[in-house]
Ligand SMILES: [Fe+2]
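Numbering (full-length UniProt numbering), first residue to last: 1 to 431.
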């Protein structure tokens with residue numbers, strides 16, 4: 001992996017529009033590790049599948065996404081033994097343009113029905129030189145989620161991904177800010193290659209952050225062009241009309257991926273969709289609810305205070321989540337780790353969500369190291385270190401959350417806490 005210098009033009013663009021996309025830098029960040037670039041392997045041809053990643057679709061299907069430099073078939077062949085592909089599925093191909101950049105051919109194929117908790121071997125575009133394997137999530141609890149936001153493309157990202165890869169997780173949840181491409185589209189390709197070893201093996205379920213917006217007034221006014229083209233999430237299956245917010249059930253957990261950078265007011269499509277989504281939840285099937293946002297609603301770091309995506313989205317939607325009995329709200333954006341007590345409307349509440357900021361994946365901007373003093377009582381644990389989290393949901397009543405710090409390249413369990421589900425607490429009203 002080579003060290004790269006970001007083009008000056010795009011650095012200027014990124015700086016000029018940083019305020020526009022909500023990336024306000026008002027504090028001193030410690031030195032980040034260097035950016036990395038992941039070039040295409042020399043042995044690849046223009047039709048070799050690259051940047052392969054998978055995501056869950058419905059109860060028993062998976063979407064396979066990959067890119068080829070030139071035209072190739074959107075076909076996936078798969079089976080439960082290496083080299084034996086008893087089934088196949090065909091999907092669609094698209095591409096996009098952004099300023100002077102034209103993407104490769106982006107292929108999107110849904111395979112299934114698949115058995116739960118099963119390893120499948122697959123190849124893309126009938127390319128026999130690259131066989132991939134994925135494991136489907138379990139149909140029943142327990143399940144283990146890896147949770148990490150603000151990944152980026154740095155040496156710290158590498159360390160975080162190594163630790164996640166060693167954890168034998170079932171599904172990754174990413175609360176926004178993926179590549180930090182920030183208008184430089186080939187960095188999206190680099191990010192796709194960096195995460196492929198993990199993202200081709202387990203479903204990566206993502207939502208967007210401010211670094212995915214990539215809107216430039218007049219020049220490129222459509223937001224989320226690269227994100228929507230490259231990371232198609234299963235929004236249609238949950239009744240959403242936007243790739244920017246959706247939900248799904250996995251094992252005994254209902255996961256809601258919200259969009260901090262699209263409309264969230266009470267008269268917005270997202271708000272109405274969320275209301276309807278809560279109305280469909282059967283706590284007998286999914287006793288746990290996890291919600292993912294990007295800009296945290298609770299935050300005692302001095303970074304990213306007072307941003308509308310935090311303050312106004314919380315004002316609009318916190319009551320909905322409280323009334324539904326959402327167990328966890330994970331956020332990114334602030335480049336640090338912070339865990340709050342169960343909290344609603346600024347006050348500790350035993351029937352409210354646990355809010356956790358996990359924006360410490362490894363981005364190029366460095367850590368957010370300054371905190372409010374004294375520590376507000378609702379903030380239980382806070383630390384500006386890179387790392388990732390793991391949520392093990394064991395059964396209908398118990399789950400354990402662990403935050404792993406990247407400490408000099410060694411993963412260290414720094415914060416471990418057990419939780420009981422709100423649906424198992426007779427004192428709490430849930431949907
Ligand atoms: Fe962010």
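Where is the CB? At the ideal position from N, CA and C, for every residue including glycine.
- Could you have a look at residue 364 and say whether DSSP puts it in helix, strand or coil? The residue given as residue 364 occupies position 364 in the chain shown. Note: residue 364 maps to coil in three-state DSSP.
- Measuring from the CB of residue 211, is there a heavy atom of ligand 1 at a distance below 7 Å? On the chain shown, position 211 is the one that residue 211 refers to. Yes; taking the cut-off as 7 Å, the Cβ of residue 211 has a heavy atom of ligand 1 nearer than that.
- Task: In the DSSP assignment, find the unbroken beta strand (DSSP E) run with residue 432 in it and report its ends.
- Result: The question about residue 432 has no answer here: the residues shown for the chain are numbered 1 through 431.
- Closer than 7 Å: residue 333 CB and nearest ligand 1 heavy atom: Counted from its first residue, the chain shown places residue 333 at position 333. Yes, since a heavy atom of ligand 1 falls inside the 7 Å radius drawn around the Cβ of residue 333.
- Can you tell me whether residue 285 is buried or exposed, with buried defined as 16 or more other CB within 10 angstroms of its CB? In the chain shown, counting from the first residue as 1, residue 285 sits at position 285. With fewer than 16 other Cβ atoms within 10 Å, it is exposed.
- Item | Residue burial classification, residue 219 (beta-carbon count within 10 angstroms, cutoff 16) | Translated into positions along the chain shown, residue 219 becomes position 219. By the neighbour-count rule (16 or more Cβ atoms within 10 Å), residue 219 is not buried but exposed.
- Message: Measuring only from the beta carbon, is residue 501 closer than 7 Å to any heavy atom that is part of ligand 1?
- Response: In the structure as shown, the chain begins at 1 and stops at 431. Residue 501 is therefore absent and cannot be evaluated.
- Query: Based on Cα-Cα distance, which residue from 148, 119, 308 lies nearest to residue 357?
  - Reply: Sequence index remark: in the chain shown, residue 357 carries index 357 (1-based). The shortest C-alpha separation from residue 357 is found at 148.
- Message: Could you check whether the Cβ of residue 239 sits closer than 7 Å to any heavy atom belonging to ligand 1?
- Response: Locating residue 239 in the chain shown gives position 239, where the first residue counts as 1. No.
- Exposure label - residue 175; buried when at least 16 CB within 10 Å: As a position in the chain shown, residue 175 is number 175, starting the count at 1. Looking at its Cβ environment, which holds 16 or more other Cβ atoms inside 10 Å, residue 175 is buried.
- Task: Measure the C-alpha to C-alpha separation of residue 139 and residue 89 and round it to an integer number of angstroms.
- Result: Looking up residue 139 in the chain shown gives position 139. Looking up residue 89 in the chain shown gives position 89. Approximately 22 Å, taken between the alpha carbons.
- Task: With DSSP as the reference, label residue 53 as helix, strand or coil.
- Result: As a position in the chain shown, residue 53 is number 53, starting the count at 1. Three-state DSSP puts residue 53 in a strand.
- Nearest-angstrom Cα separation, counted from residue 247 out to residue 274: Taking the first residue of the chain shown as position 1, residue 274 is located at position 274. Taking the first residue of the chain shown as position 1, residue 247 is located at position 247. The alpha-carbon atoms of residue 274 and residue 247 are separated by roughly 9 Å.
- Decide yes or no for the touch test of the region 85-103 against the region 32-50: beta carbon pairs closer than 8 Å, at least 3 of them. no
- Distance between beta carbons of residue 271 and residue 495, contact taken as under 8 Å: The chain is shown from 1 up to 431; residue 495 falls before or after that span and cannot be answered.
- Grab me the residues of residue 116's own chain with a C-beta within less than 6 Å of its C-beta, minus the 5 sequence neighbours each way, in chain order. Working through the chain shown from its first residue, we reach residue 116 at position 116. If we look at residue 116 and ignore the five residues flanking it on each side, its Cβ neighbours are 136, 138, 139.
- Query: beta strand (DSSP E) containing residue 399: first to last residue?
  - Reply: Start at 1 with the first residue of the chain shown, and residue 399 comes out as number 399. Residues 398-407.
- Query: With a Cβ-Cβ cutoff of 8 Å, do residue 298 and residue 235 count as a contact?
  - Reply: Against the chain shown, residue 298 aligns to sequence position 298. Against the chain shown, residue 235 aligns to sequence position 235. Not a contact, by the Cβ cut-off of 8 Å.
- Item | the region 310-330 / the region 103-121 touching (three or more Cβ pairs under 8 Å) | no
- Message: Can you list, in chain order, the residues of its chain with a C-beta nearer than 6 Å to that of residue 344? Leave out the 5 residues immediately preceding and following it.
- Response: Residue numbering aside, residue 344 sits at position 344 when the chain shown is read from its first letter. Correct list, in chain order: 322, 352.
- Is the beta carbon of residue 425 within less than 7 Å of some heavy atom of ligand 1? For the purposes of this step, residue 425 is identified with residue 425 of the chain shown, where counting begins at 1. No, since every heavy atom of ligand 1 falls outside the 7 Å radius drawn around the Cβ of residue 425.
- Which value, in whole angstroms, describes the spacing of the CA atoms of residue 430 and residue 287? Here residue 430 refers to the residue found at position 430 of the chain shown. Here residue 287 refers to the residue found at position 287 of the chain shown. Near 10 Å, if we compare the C-alpha coordinates of residue 287 and residue 430.
- Under 7 Å from any heavy atom of ligand 1, does the C-beta of residue 150 make it? Locating residue 150 in the chain shown gives position 150, where the first residue counts as 1. Yes, the beta carbon of residue 150 sits closer than 7 Å to at least one heavy atom of ligand 1.
- Task: Buried or exposed for residue 372, please, with buried defined as at least 16 other CB atoms from any protein chain shown within 10 angstroms of its CB.
- Result: Against the chain shown, residue 372 aligns to sequence position 372. With fewer than 16 Cβ atoms within 10 Å of its Cβ, residue 372 is classed as exposed.
- Task: If I'm right that residue 194 touches residue 157 with Cβ under 8 Å, what's the distance once you round it to whole angstroms?
- Result: On the chain shown, position 194 is the one that residue 194 refers to. On the chain shown, position 157 is the one that residue 157 refers to. 7 Å between Cβ atoms; contact.
- Three-way DSSP call (helix, strand, coil) for residue 158 in this model: Counting from 1 along the chain shown, the entry for residue 158 is found at position 158. It is helical.
- Ranges of the beta strand (DSSP E) found wholly within the region 344-396, counting only runs of at least 3: 354-358, 379-383, 387-393
- Item | residue 267 (DSSP reduced to helix, strand or coil) | Position 267 of the chain shown, counted from the start, is the residue given in the question as residue 267. Coil.
- Item | residue 191 versus 163, 230, 316, 141, residue with shortest Cα-Cα distance | Start at 1 with the first residue of the chain shown, and residue 191 comes out as number 191. Taking only the C-alpha atoms, the option nearest residue 191 is 230.
- Tell me whether residue 201 is buried or exposed, calling it buried when 16 or more other Cβ atoms sit within 10 Å of its Cβ. What you label residue 201 is simply residue 201 of the chain shown in a count that begins at 1. Buried.
- Query: To which residues of the same chain is residue 300 closer than 7 Å at the C-beta, ignoring the five residues directly before and after it?
  - Reply: The residue you call residue 300 lines up with position 300 of the chain shown. The answer, listed in chain order, is 338, 371, 372, 375, 376, 379, 382.
- Exposure of residue 97, with buried meaning 16 or more beta-carbon neighbours within 10 Å: Counting from 1 along the chain shown, the entry for residue 97 is found at position 97. Classification for residue 97: exposed.
- Among 241, 169, 42, nearest to residue 142 - alpha-carbon criterion: Along the chain shown, read from residue 1 onward, the residue named residue 142 stands at position 142. Closest option to residue 142, Cα to Cα, is 169.
- Message: Considering just the uninterrupted stretch of the beta strand (DSSP E) at residue 35, what are its terminal residues?
- Response: Counted from its first residue, the chain shown places residue 35 at position 35. No beta strand (DSSP E) contains residue 35, which DSSP labels as neither H nor E.
- Item | Supposed close pair residue 75, residue 128 - CB separation, criterion 8 Å | Residue numbering aside, residue 75 sits at position 75 when the chain shown is read from its first letter. Residue numbering aside, residue 128 sits at position 128 when the chain shown is read from its first letter. No, residue 75 and residue 128 are not in contact; Cβ-Cβ is about 13 Å, not under 8 Å.
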